[in-house]
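Numbering (the numbering used here), first residue to last: 2 to 361.
Now the structure itself:
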């Protein structure tokens with residue numbers, strides 16, 4: 002006998018298959034698990050291929066107009082955490098592989114200060130290649146997966162025995178060199194001035210400095226008659242949009258630098274976001290984050306994307322929390338909060354919200 006299944010029934014079955022427990026919510030943990038499962042079959046591929054695959058699978062199950070944007074944000078988190086690698090992180094002899102393609106990272110882990118292990122990567126056949134009794138202990142926090150040690154359990158030795166590679170915090174974090182906002186932009190403008198004249202680019206968008214808005218996506222604007230230097234994005238036939246730093250004259254592109262640049266280990270978006278943070282700081286419009294004291298520590302709420310090295314640091318030191326009227330949230334121990342605030346200021350030129358500033 003054929004029975005018709007409801008939307009909640011379908012999602013509940015998928016959540017059980019992903020090891021997420023009972024429920025019918027399409028939350029961050031669910032989307033991250035779906036992307037990992039699809040990656041085992043599709044990677045190497047473009048980010049758009051993965052996003053479209055998950056969106057198509059949920060056609061008729063999720064009616065939210067912003068659903069694809071949510072999938073993109075989760076995929077970005079997975080790249081930042083290290084579940085996926087971009088072409089700059091791997092070596093391949095296949096000349097058909099595009100520069101923006103993603104690869105599934107091999108299984109790995111990083112032991113945090115608390116003693117728990119952050120699980121990374123996947124195998125081609127299994128998003129989490131562990132025995133079922135170990136899988137049942139995995140804790141999902143948003144897009145991240147953690148394994149807490151049992152009493153007297155040599156967690157690192159056990160994971161290595163199952164084929165997981167251990168990463169040190171330094172190897173996983175990979176922070177850039179520390180430099181001031183003025184020095185960062187001066188070297189960038191010097192590089193830009195040496196470029197030849199750029200040609201016309203269709204579909205160019207700029208990150209508008211003059212728009213002081215809380216939502217990051219609202220600052221992206223089409224090119225009209227603007228003049229000056231801007232973070233820019235331009236579409237390509239296949240794969241994600243390309244990032245750059247360009248000079249405009251009355252709406253015409255004069256010069257352009259591709260980001261992240263040849264030989265860089267950083268993603269284009271990470272370099273671009275840091276440049277924009279420096280520009281905002283020099284214009285005395287520092288990008289802000291929100292601090293909220295909690296009994297367990299201090300919550301850091303971010304309204305703009307932050308580079309993957311900062312996400313990794315906050316995840317390693319603290320705990321990823323569900324976003325609450327913001328883009329991403331982390332819980333940091335009270336003893337570490339001042340050090341993390343100093344890190345955000347020194348490397349990303351960020352400031353906490355003023356006490357009287359209204360919050361979203």
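All C-beta atoms, glycine included, are put in the ideal place defined by N, C-alpha and C.
| Check | Outcome |
| --- | --- |
| Reduced DSSP secondary structure (H/G/I, E/B, other) of residue 330 | strand |
| Residue 244, DSSP secondary structure in three states | strand |
| C-beta atoms of residue 86 and residue 51 nearer than 8 Å | no |
| Contact under 8 Å by Cβ, residue 230 with residue 247 | yes |
| Contact check, residue 170 vs residue 157, beta carbons under 8 Å | no |
| Residue nearest to residue 196 in terms of C-alpha spacing, selected from 176, 257, 347 and 320 | 257 |
| Inter-residue CB distance, residue 106 and residue 84 (contact presumed, cutoff 8 Å) | 6 Å |
| Residue 369 (DSSP reduced to helix, strand or coil) | With the chain covering only 2 through 361, there is no way to say anything about residue 369. |
| As assigned by DSSP and simplified to three states, the class of residue 87 | strand |
| Residue from 219, 14, 173 and 251 with nearest C-alpha to residue 311 | 173 |
| Alpha-carbon spacing of residue 324 relative to residue 34, whole angstroms | 18 Å |
| Three-state secondary structure assigned by DSSP to residue 217 | helix |
| Opposing strand residues paired with residue 352 [DSSP bridges] | 289 |
| Cβ distance (whole Å) where residue 283 is taken to contact residue 161 below 8 Å | With a Cβ gap of about 46 Å, residue 283 and residue 161 do not count as contacting. |
| Member of 137, 223 and 200 whose CA lies at the smallest distance from the CA of residue 210 | 223 |
| Helix, strand or coil at residue 93 according to DSSP, with G and I counted as helix | Low per-residue confidence applies at residue 93: pLDDT is 48, beneath 50, and the placement is therefore not dependable, though the value from the model is reported in the following sentence. Residue 93: coil per DSSP, three-state reduction. |
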